[in-house]
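Encoded as structure tokens, the structure appears first; notes follow it.
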Amino acid sequence: MGLLWIFLLITYAFPEADGWSLPWFKNRIIKTTKPVLDHNDDVLEYDVIIVGAEASGMFASGTATMLGAKTLLLDFGVKEDKSRLNGNIGGDCTNAACVPSKAVRSLARMAAVGAPSPIRNSTKSWLLSAREHATITVNKVRVRESPSAVVARNKNLDIGLLSDGNFVNSHEMDLDITEFFSSTKPIICAPRKIRARGKKFILATGASPVVPEKLQKEAEQAGLHLYTYRTLLRPGLESNDAIWNHSSNTTNNTIVQKKIVVAGGGATACELTQSLARLSADQNVEIHLVAPGLLPKDDVTLQNAALQILSAQDNVHFHLGNRVEAVLPDIGIRLSDGSTIHDAEALLLFNKKPNGRTATQAAWTGYHAASNAILPKLLTLRSKSVQNTVPRVVYTDPELASVGLSLSECIQQHGLGGFDRLTVGESGTDRSDMESLERPTAGMGFIEIRATKLDGRILGMCACGPSASELANEMSVVIQNRLTARDVAKSLHSYPSHGYLMHRVALSLALNNIWGYLEACGPVGGLIARPGRMISKIIGLSRRRPDWTTRNRHASLASQSVIVREGEHNTTYLPMNHTILRIVSKLDLYMKEDVEGDTLPKAENL
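FYI, the numbering for the sequence shown is -19 to -1, 1 to 587, going by mature numbering (1 follows the signal peptide of the UniProt record, and there is no 0).
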């Protein structure tokens, strides 16, 4: 195996050496196909054909062509009903999700502090300015990612935009091409039927928004505007003017209150709820958030932070612990608890489902799909197509981020006494005080790190702050390489950066016991500390520990939230706060031998 890696190193290090060049390696090991276009029967031959030019498909095509494989990337082109992305590759991420939503967030942050905007004037609302900025941003990305620009940079890649396509057999597809881009073949600009033959196929079909058919019919009958993230954020749709071109209306000198209902409590719903609330704060618009809970798949500390962030907007009203049941003929929206939101102007549905198998991260999965399809099995024997250390970020302001094991997963895998957990708030820190005028949310942030008791290896991290996503990126490297709190503490962080607070948290974790202090003294102290940690672990294991059933129950309790009902139709969502989490992590409640059952502390005692 060592000789094989030396061979590969020489192959890549000396691309011009005769007999050892990279093309030699690709042609003999990968066995690439020379591009062929048979004009008699219009058959295109490729090593790899990738169906879907969204994020994962783009990364898969880049990996395949980098390895020397002749690749065809397929996606839908323009359709008359505008159900596709009008011939623009990149999928929802570029055209209708990541890029436009973050552009809208940028304007919303400026609106929150009253900062001047170069694209806004006295006659243009913040909402309309945000839509204009999102369109400009998406168009800039589209230029960089246009099919013609992509194939010009990559000689091994062809891109076909389709009106339809289907598999003929295991190696061939019939394609109705509307546009074809290639640096080595004639460009097809008119609709044309061709057949593509490939040795391997990769399906990268992404995800689509979900709209229940019942709600869609009821909304059409009632005349209620219904949006998904795709129809709300995609540039060029006149139908979304009800949101972006909204202006304050008056009837008989009475201000008309407009209501926008957001259904869903995931990342997209939280981001756009905050952005729309900030942009419409001067437009007399109410945002009603309807969801069973906020960020249900994330740590309870992040759920609590999301509730605090959104509660800072005066025009956001919560209906948590609920679902949208029906749209009434009088443009009312009935909820699962029987209550009704009257006079709604628009309903935003942010659910989506994968078009096939799910993946943890588009770039990682696309890369491994291509490498596993092209390279010999010997080289990809231990290749993991699913990455466990994927940073999860909610781009609210401040950001919410997590990476590694959640609190419930730490309890499940290591037990309540098997790991240390430390949470430090941003409030009162130097950086928070410095930015108190710039950031209305300064002081809301925190950083939480979890590490094993035995060796201090970092298990997971969650954070809330203006640069939480960057902290998650750094901690992803730490977790992936199995580094410890001491390793983070030994790496210096600039002051007063946001990462400096994370460094201080890691330092506190590293010095939380006598063994940590000994290791900080130098190599001799480290030699004494290592067997000391092992002895402490053995002593801890010798004590009575809960079985896996009890451990799973503790993990379930750590991920639960409390719903408090106030009045007939008012529902207040109250996630478990830090007090309960401290009880769980410090073994003050659930690890006592005489405590049984799953009872949580009463809400009024929180």
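All C-beta atoms, glycine included, are put in the ideal place defined by N, C-alpha and C. Source: prediction; values computed, not measured.
DSSP three-state label for histidine 300, please. strand
Which residues does DSSP list as the beta-bridge partners of proline 190? Proline 190 is bridged by DSSP to Lys333.
Helix, strand or coil for threonine 404 per DSSP? Looking at threonine 404 - three-state DSSP - the assignment turns out to be strand.
Cβ atoms of arginine 438 and alanine 444: under 8 Å apart, would you say? no
Put threonine 346 into one of helix, strand or coil per three-state DSSP. Threonine 346 carries a helical assignment under DSSP once its states are collapsed to helix, strand and coil.
By a C-beta neighbour count over all protein chains shown, 10 Å radius and 16 as the cutoff for buried, is lysine 239 buried or exposed? buried
Can you find the residues in the same chain that come closer than 6 Å, C-beta to C-beta, to aspartate 145, ignoring five residues on each side of it along the sequence? Asp157
Bounding residues of the alpha helix (DSSP H) (the contiguous stretch that carries lysine 240): Not the alpha helix (DSSP H): lysine 240 falls in the beta strand (DSSP E), residues 239 to 244.
Compute the distance between the beta-carbons of histidine 152 and arginine 178, then report whether it is under 8 Å. yes
Under 8 Å between C-beta atoms of glutamate 252 and arginine 112: No, the pair does not count as a contact, with Cβ atoms beyond the cut-off.
Assigned secondary structure, methionine 425 (DSSP; H/G/I helix, E/B strand, else coil): Collapsing the DSSP output to three states places methionine 425 in coil.
Drop a sphere of 10 angstroms on the beta-carbon of methionine 415, count the other beta-carbons inside from all chains shown, and report buried for 16 or more, exposed for fewer. exposed
For lysine 471, which of helix, strand or coil comes out of DSSP? helix
Neighbour-count burial assignment, glycine 217, 16 or more Cβ in a 10 Å radius: Exposed is the call here.
Spatial neighbours of glutamine 294 in its chain, beta-carbon cut-off 6 Å, leaving aside the 5 residues before and after: Ala258
Using the three-state DSSP reduction, which class does histidine 484 fall into: helix, strand or coil? Note: histidine 484 maps to helix in three-state DSSP.
How close, in whole Å, do the beta carbons of serine 478 and leucine 403 come, if the pair is a contact with beta carbons under 8 Å? Not a contact, Cβ separation roughly 19 Å.
Cβ of valine 242 within 8 Å of Cβ of valine 271? Result yes, Cβ atoms of valine 242 and valine 271 sit closer than 8 Å.
In or out: asparagine 285 buried (at least 16 other Cβ within 10 Å) or exposed? buried
C-beta contact flag for threonine 370 and serine 317 at 8 Å: Note that the C-beta distance between threonine 370 and serine 317 is not below 8 Å.
According to DSSP, is glycine 141 helix, strand or coil? Looking at glycine 141 - three-state DSSP - the assignment turns out to be strand.
Please report how far the alpha carbon of serine 98 lies from the alpha carbon of aspartate 378, in whole angstroms. 18 Å
Selected residue, minimal CA-CA separation from isoleucine 495, among Asp468, Leu435 and Met442: Leu435
Which residues does DSSP list as the beta-bridge partners of alanine 382? Beta-bridge partners of alanine 382 (DSSP): Val374 and Ala444.
Kindly list the residues whose CB is nearer than 6 Å to the CB of cysteine 74, restricted to its own chain and excluding five residues on each side of it in sequence; keep chain order. Ala36
Find the nearest neighbour of alanine 188 within the set Glu380, Thr254 and Ala78, judged by alpha-carbon distance. Among Glu380, Thr254 and Ala78, the Cα nearest to that of alanine 188 is on Ala78.
Kindly indicate which residue of Asn303, Val24 and Gly313 has the alpha-carbon position closest to the one of valine 149. Nearest of Asn303, Val24 and Gly313 to valine 149, Cα basis: Val24.
DSSP state of threonine 212, grouped into three classes? Residue state for threonine 212 is assigned as helix, using DSSP reduced to three classes.
Beta carbon of asparagine 296, beta carbon of serine 261: below 8 Å? yes
Could you please give the first and the last residue of the uninterrupted alpha helix (DSSP H) stretch that includes threonine 116? 107 to 125
State buried or exposed for glycine 503, treating a residue as buried only when at least 16 other CB atoms are found within 10 Å of its CB. exposed
Using a Cβ-Cβ cut-off of 7 Å (strictly less than) and excluding sequence neighbours within five positions of tyrosine 476, which residues of its own chain qualify? none
For the 8 Å Cβ check, are there 3 or more pairs between the segment 131 to 138 and the segment 159 to 167? yes
Could you give the distance in angstroms between the alpha-carbon of alanine 203 and the alpha-carbon of alanine 327? 11 Å
Quick one: measure Cβ to Cβ for leucine 142 and glycine 58, integer angstroms, because I've assumed they're closer than 8 Å. 3 Å
Rounded to the nearest angstrom, what separates isoleucine 428 and arginine 373 at their Cα positions? 15 Å
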